[in-house]
Every structure is written in C-alpha cells, then in structure tokens.
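Residue numbers are given in our numbering: position 23 of the sequence shown equals residue 29, and the series is strictly consecutive.
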Amino acid sequence: MIDGFTVYRKGQASMELGERIKVIRVSLGETMEQFGARFNTSKGTVNNWEKGRNAPNKANLKKIADLSDNPREFISLYLTQI
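Take a look at the structure:
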C-alpha cells in the first residue's frame, strides 16, 4: 500500500491492464519508444507493461490515467483505494 492505494507489483500485473495501456498508446498514435519517453522509461518497459509482465509504478499509472478517455475509471480499476 502506498499513500492509501494498493498498487500492482512486479509479477502481479494483469493482462487487462496491459491491454488497456496498449489501447491508450495506440489511440495516441505513439510507438512504444515514444510512449515510454513520456514516462522516462524504455520501449522494453512499455512492452512489459503491455504484455502484463509487470505494471507501471503509482506515479506512472496516474499519468497513464490522465491520457485515458476516463481517468477516474482507470484509477478505480487499477489503483484500489483502501
């Protein structure tokens, strides 16, 4: 738990989250490299997010939520308030 939120940990990321991240990235017309640059991370990290191998940290999840069509829904699905 971080700041009252449960955050997906490495190895616990859901494929659904990865699919959602990919939809957001593709809707922005960005490559994995371009999307990763938004978060100061690599193309490989974005690939791991999209494949469900790991999840973005809390700060990056919030940034991704802001890029989505419905930030509140995104946060409620992937950052569960305790």
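Using N, Cα and C, we set each Cβ at its ideal position, and we do this for glycine too.
Own chain, CB closer than 6 Å to residue i, minus 5 neighbours either side, in chain order
i   : result
Q54 : Here the sequence assigns Asn to residue 54, which means Gln is not the residue at that position. N60.
N66 : F45
Delimiting residues of the alpha helix (DSSP H) encompassing residue i
i   : result
L67 : K64 to L73
M56 : The question names Met, but residue 56 is Glu in the sequence shown. Taken as a continuous stretch (DSSP letters only), the alpha helix (DSSP H) holding E56 covers K49 to K57.
Counted within 10 angstroms of its Cβ, other Cβ atoms place residue i as buried (16 or more) or exposed
i   : result
V32 : exposed
G35 : exposed
Secondary structure of residue i, DSSP reduced to three states
i   : result
F80 : helix
E36 : coil
Q43 : Looking at the sequence itself, residue 43 is Ala, so the reference to Gln does not match. Residue state, collapsed to three classes: helix.
Contact set for residue i: own chain, Cβ-Cβ below 7 Å, skip 5 residues either direction
i   : result
E39 : K49
G42 : S48, K49, T51 and V52
L73 : I30 and L34
8 Å CB neighbourhood of residue i in its chain, flanking five on each side removed
i   : result
K68 : I81 and L85
I27 : V52, W55, E56, P62 and I70
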